[in-house]
Amino acid sequence: ARLARLNPTTRGLLWTMCASLLFVFLNGVMRAVATELHPMQTQFLRYLGGFVVLLPLVARHGLAAYRPTHIRGQFVRGAVHTAGLCVWFLALPHLALADTTAIGFTTPIFIMLGAWLFFREAMRWERWLAASIGFVGVLIVVAPKLQMGSWYSLLMLLSSPLFAASFLITKALTRYETAGVIVLWQAI
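For the record, in the sequence shown the residue sitting at position 140 is 358 according to the working numbering, with numbers rising by one throughout.
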């Protein structure tokens with residue numbers, strides 16, 4: 219009841235904070251699991267958990283509500299995202315969480331570039347500057363590891379454009395699919 223009385227901006231910020239904490243928790247758990255299991259097994263468990271969480275919604279609305287309009291797009295997105303996760307889970311056990319997080323900040327840069335290239339979204343000089351500064355920041359964190367011969371940082375960096383491609387495909391899918399369909403089919 220107290221949450222409902224807050225203004226929408228404050229509620230949005232609280233939800234964002236909760237989501238951020240959950241992502242940190244998820245990354246920690248995934249790192250622990252990734253040290254023990256093969257990347258494909260880790261992915262399977264991650265998406266099985268997501269699928270189980272979605273089952274009550276599917277039961278409530280019925281299977282027909284989650285039938286995709288264009289199944290091919292769902293499989294393309296799933297394949298691209300799976301490739302990104304394979305690379306991510308291969309590198310994850312070999313990197314510190316700080317490095318993983320820093321490298322993860324390159325994903326929005328690749329999304330921005332992809333949106334400019336494929337969706338013709340406007341790119342002002344401020345965005346180019348911010349992207350450049352952000353990428354230099356990531357290089358500052360990652361460069362010492364590369365000099366010591368750790369290629370896991372590059373492997374982790376490879377996951378970023380793959381995730382960006384997955385998110386851009388998701389944007390394209392929203393033209394004719396509902397969010398529920400997209401989320402469920404990603405878990406499948």
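We put the beta carbon where it would ideally sit given N, CA and C, even for glycine.
Keep in mind the model is a prediction, meaning the values are calculated, not measured.
Nearest to W369 by C-alpha distance, out of L310, A282, V276, is L310. In the same chain as A301, and ignoring 5 residues on each side of it, the C-beta atoms closer than 8 Å to its own belong to L380, in chain order.
If you draw a straight line from the Cα of A340 to the Cα of L347, it comes to about 14 Å. Secondary structure of Y284 (DSSP, three-state): helix. Leaving aside the five residues that flank L376 on each side, the residues in its chain whose CB is nearer than 6 Å to its CB run, in chain order, V305. In chain order, A320, I321, F323, T324 place their CB closer than 7 Å to the CB of V356, counting only its own chain and leaving out the 5 sequence neighbours on each side. The region 387-403 makes contact with the region 280-300; the number of CB pairs closer than 8 Å reaches 3 or more. For N245, the enclosing alpha helix (DSSP H) starts and ends at 226-252.
Here Q404 is buried. Its C-beta has 16 or more other C-beta atoms within 10 Å.
Put simply, the region 226-237 does not touch the region 260-274. Fewer than three CB pairs are less than 8 Å apart.
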